[in-house]
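K.L.:
Protein chains in written order, with our numbering: chain A, 1364 to 1491; chain B, 110 to 461.
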Amino acid sequence: MESTQIREYLPVLMLVILAVGFSFGMLLFSVIVGKKGRRPAIKDTAYECGMLPIGAGNTRLSVKFYLVAMLFILFDIEVVFLYPWAVVYKDMLRTNGPAILGAMLSFMLILFVGYIYALKKRAFDWKN
Amino acid sequence: MTQAIIDWAQSPAGAFALFSALKILCAFSVLMFIVAYSVWVERKVAAAIQDRIGPNRVGFFGLLQPAADAVKAFLKEDFTPGHVRKVYFWLAPAIVMIPSLLTMALIPFGSNIGSQKMVIADLNVGILYTFGIVSLGVYGIVLAGYAANSKYPFLGGIRSSAQMISYEIAMGLSVIPIFLLVGDLNLSSVISYQSGGIFGWLIFKQPIAFLIFMVAMFAETNRLPFDLPESEQELAGGYNVEYSSMKFALFFMGEYAAMTTASAMMVTLFLGGWTLPFAGLDQPATTLIGGILHIAIFLVKMCSVIFMIIWVRWMWPRFRYDQLMDLGWRRFIPLALANIVITAIIVWAATK
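1. Whose C-alpha, out of B:Asn165, B:Phe360 and B:Val376, is nearest the C-alpha of Pro202 (chain B)?
2. Show which residues of chain A have a CB atom less than 8 Å away from the CB atom of Val409 (chain B).
3. Give the C-beta separation of Val284 (chain B) and Leu385 (chain B) to the nearest angstrom, bearing in mind that I take them to be a contact with Cβ-Cβ under 8 Å.
4. Within this structure, are the beta carbons of Gly346 (chain B) and Tyr430 (chain B) separated by less than 9 Å?
5. To which residues of the same chain is Lys1483 (chain A) closer than 7 Å at the C-beta, ignoring the five residues directly before and after it?
6. Using a Cβ-Cβ distance cut-off of 9 Å, determine whether Val1426 (chain A) contacts chain B.
7. Using beta carbons (cut-off 9 Å, strictly below), is Ala122 (chain B) in contact with chain A?
8. For a test of the three-state rule: what should DSSP assign to Asn221 (chain B), helix, strand or coil?
9. Looking at C-alpha atoms only, which residue of B:Ser224, B:Glu151, B:Leu232 and B:Trp199 is the closest neighbour of Glu1317 (chain A)?
10. What's the call for Met1364 (chain A), buried or exposed, on a 16-neighbour Cβ count within 10 Å?
11. When DSSP labels each residue in this structure, what does Lys314 (chain B) get in the three-state scheme?
12. Pull out every residue of the region 229-251 of chain B whose Cβ sits closer than 9 Å to any Cβ of chain A, in chain order.
13. Short of 8 Å Cβ to Cβ, which residues in the region 425-448 of chain B face chain A?
14. Do Val144 (chain B) and Ala318 (chain B) have their C-beta atoms within less than 9 Å of each other?
15. With C-beta atoms as the reference, is Val1383 (chain A) less than 9 Å away from Ile216 (chain B)?
16. Could you tell me which of B:Trp457, B:Ala253 and B:Gln174 sits nearest to Phe142 (chain B), measuring between CA atoms?
17. Does DSSP classify Lys1398 (chain A) as helix, strand or coil?
18. Suppose the cutoff is 7 Å on Cβ atoms and the five residues either side in sequence are ignored; what does the same chain contact list for Met355 (chain B) look like?
19. With a cut-off of 9 Å, does the C-beta of His403 (chain B) fall near any C-beta of chain A?
20. Leaving out five residues before and five after Val1451 (chain A) in sequence, what residues of the same chain have Cβ atoms less than 8 Å from its Cβ?
21. Establish whether the CB of Glu186 (chain B) and some CB of chain A are separated by less than 9 Å.
22. Kindly give me the distance between the Cβ atoms of Gly400 (chain B) and Ser275 (chain B), rounded to whole angstroms, as I take these residues to be in contact under 8 Å.
23. Counting contacts by CB-CB distance shorter than 9 Å, is Tyr1446 (chain A) in contact with chain B?
24. Flag Asp160 (chain B) as yes if its beta-carbon sits less than 9 Å from any beta-carbon of chain A, otherwise no.
25. Within 8 Å, do at least three Cβ pairs link the region 247-262 of chain B to the region 216-228 of chain B?
26. Quick one: grab the DSSP three-state call for Lys1406 (chain A).
27. Between Pro1403 (chain A) and chain B, is any beta-carbon pair separated by less than 9 Å?
28. Who are the Cβ neighbours of Ala209 (chain B) in its own chain at under 7 Å, not counting the five residues just before and after it?
29. What would DSSP say about Lys1484 (chain A), mapped onto helix, strand or coil?
30. Find out if the Cβ-Cβ distance for the pair Ser301 (chain B), Gly292 (chain B) is shorter than 9 Å.
31. Give, in chain order, every residue of the region 1453-1480 of chain A whose Cβ lies closer than 8 Å to some Cβ of chain B.
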């Protein structure tokens, strides 16, 4: 049983090899056949619509983006928790309906309270 | 030696490996063909909508344009500017390309030919694998923005990361009602659930889920009206500004490959996959003709979705950034959660 399950992943491994080989092969091939040009100093500067670049390339970014990333991790983990529930839901309804529905409703309620909190803390406020 | 190879090919494990390799090569070639020609279709549709002619110089109707573009991309100078972070700059295009190729592994593109199921890997984790790989897509773009060490790509990369992770939640939540109804993560079971009558298709059973999934798909693949990472008018191209030659082309191939696999995903989840609700085409094929017909049905459905995506690009203006984030976080997440609860209650009431 276990060996057949691992065997099922063999095509995925083959596809990974193909995808990696294809992508890096393309990069390598274009280096081999591509034109070799001169390298004047202006070519090495960052592109800013033809003007000489001003300041550093990496400006600081708004803390909002970190907030989005943190909220994403919280919500995404909860989404993943919902999948196993969704799969067993129909089967468990026959034996223990109120338990499985109640368990997930309470989970969703807690999730929703967190969502309202983030909303009230203006985490989704993008105007400013 | 030869005898050993023949023996291995006839053993179950050997036959499995060979057929898998064959399926991967076929699916990969078809995907690459669709990627190349969806660029051509996009340019032709754009031209028709804007009352232009579009590519018509290379070959009949400009049909050889993708080949000419490929040759051009290879022969251009592959230039690495001095101010970039070299390793990441080289890795980023490949990292954009790889996940969009890997997503196709789980998609059933036909019923079966002979005893072979027409899916590269029929895993029981199904949709979890797909979402896992789709999430990796953001790395390439963020890395490209970071590696370029320049302002436009940096802004593009930041925007893209925030946009893609926001819509990933909506996308993940939107499909949960489907698995409440199907009760299995395997994508082949999702298709067999949709057989029998056109109203068995999940687009009719879960219209809200379909709507959220469709919009999230546009955002995940960075297509208009959500193409803020690239937005030509503000960022002059976004994360790919500093790239040239094949590295630049790989970003576009990655985008179109992601678009193709996302369409395939949508066909599988909502539009009945390889089935058609008449002439017995919703059951797994028993003959060779039937098997080929199922693949054709799947490809036609997929190309229709791709055509819709292309059409939308020229019909909609771009969203503003705060509108985009509002739509994802304030509209879609509550809507998707409500959809899950309502579906759960309906399923509960139906089993009583």
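Glycine included, every Cβ here is placed at the ideal spot set by N, Cα and C. As the structure is a computational prediction, the values presented were derived from the model and not from experiment.
P.N.:
Result, derived from the coordinates:
1. Taking Pro202 (chain B) as reference, the option from B:Asn165, B:Phe360 and B:Val376 with the minimal CA-CA separation is B:Phe360.
2. Going along chain A, no residue has its Cβ under 8 Å from Val409 (chain B), so there is no contact; the nearest lies around 24 Å.
3. Val284 (chain B) to Leu385 (chain B), Cβ: 23 Å. No contact.
4. Cβ distance not < 9 Å, so Gly346 (chain B) and Tyr430 (chain B) don't count as in contact.
5. Counting only Cβ-Cβ distances below 7 Å, and skipping sequence neighbours, we find nothing.
6. No - not a single Cβ of chain B is within 9 Å of the one on Val1426 (chain A).
7. So yes, Ala122 (chain B) belongs to the interface.
8. Correct three-state label for Asn221 (chain B): strand.
9. What is shown of chain A runs 1364 to 1491, which leaves residue 1317 (chain A) out entirely.
10. Confidence at Met1364 (chain A) is low in this model, with a pLDDT of 46, below 50, so its placement is unreliable and the value that follows should be read with caution. Counting of Cβ neighbours within 10 angstroms places Met1364 (chain A) among the exposed residues, the total staying below 16.
11. Here Lys314 (chain B) sits in helix by DSSP.
12. Against chain A - using a Cβ distance shorter than 9 Å - the residues of the region 229-251 of chain B are Ile229, Ala230, Asp231, Leu232, Asn233, Ile236, Leu237, Tyr238, Phe240 and Ser244.
13. When CB distances to chain A are screened at a threshold of 8 Å, the residues of the region 425-448 of chain B falling below it are Tyr430, Asp431, Met434, Asp435, Trp438, Arg439, Ile442, Pro443 and Leu446, in chain order.
14. Between Val144 (chain B) and Ala318 (chain B), the CB-CB gap reaches or exceeds 9 Å.
15. It is not a contact, given that the beta carbons lie outside the stated cut-off.
16. Taking each of B:Trp457, B:Ala253 and B:Gln174 in turn and checking the Cα distance to Phe142 (chain B), the smallest one comes out for B:Gln174.
17. Coil at Lys1398 (chain A), not helix or strand.
18. Once the five neighbours on either side are set aside, the close Cβ partners of Met355 (chain B) are Ala182, Phe183 and Asp187.
19. For His403 (chain B), the closest Cβ of chain A is not nearer than 9 Å.
20. These residues qualify, in order along the chain: Ile1463.
21. Judged by the 9 Å Cβ criterion, Glu186 (chain B) is in contact with chain A.
22. About 40 Å; that fails the 8 Å criterion.
23. The C-beta of Tyr1446 (chain A) comes closer than 9 Å to at least one C-beta of chain B.
24. The Cβ of Asp160 (chain B) sits no closer than 9 Å to any Cβ of chain A.
25. These segments do not touch.
26. Residue state, collapsed to three classes: helix.
27. No - not a single Cβ of chain B is within 9 Å of the one on Pro1403 (chain A).
28. One point to set straight first is that residue 209 (chain B) is Ser, not Ala, in the sequence displayed. Same-chain partners within the cutoff: Gly246, Gly363, Ala366, Ala367 and Thr370.
29. Here Lys1484 (chain A) carries a coil assignment [DSSP, helix/strand/coil].
30. Cβ atoms of Ser301 (chain B) and Gly292 (chain B): not closer than 9 Å.
31. The region 1453-1480 of chain A vs chain B, Cβ under 8 Å: Lys1453, Asp1454, Leu1456, Arg1457, Gly1460, Leu1464, Met1467, Leu1468, Met1471, Leu1474, Phe1475 and Tyr1478.
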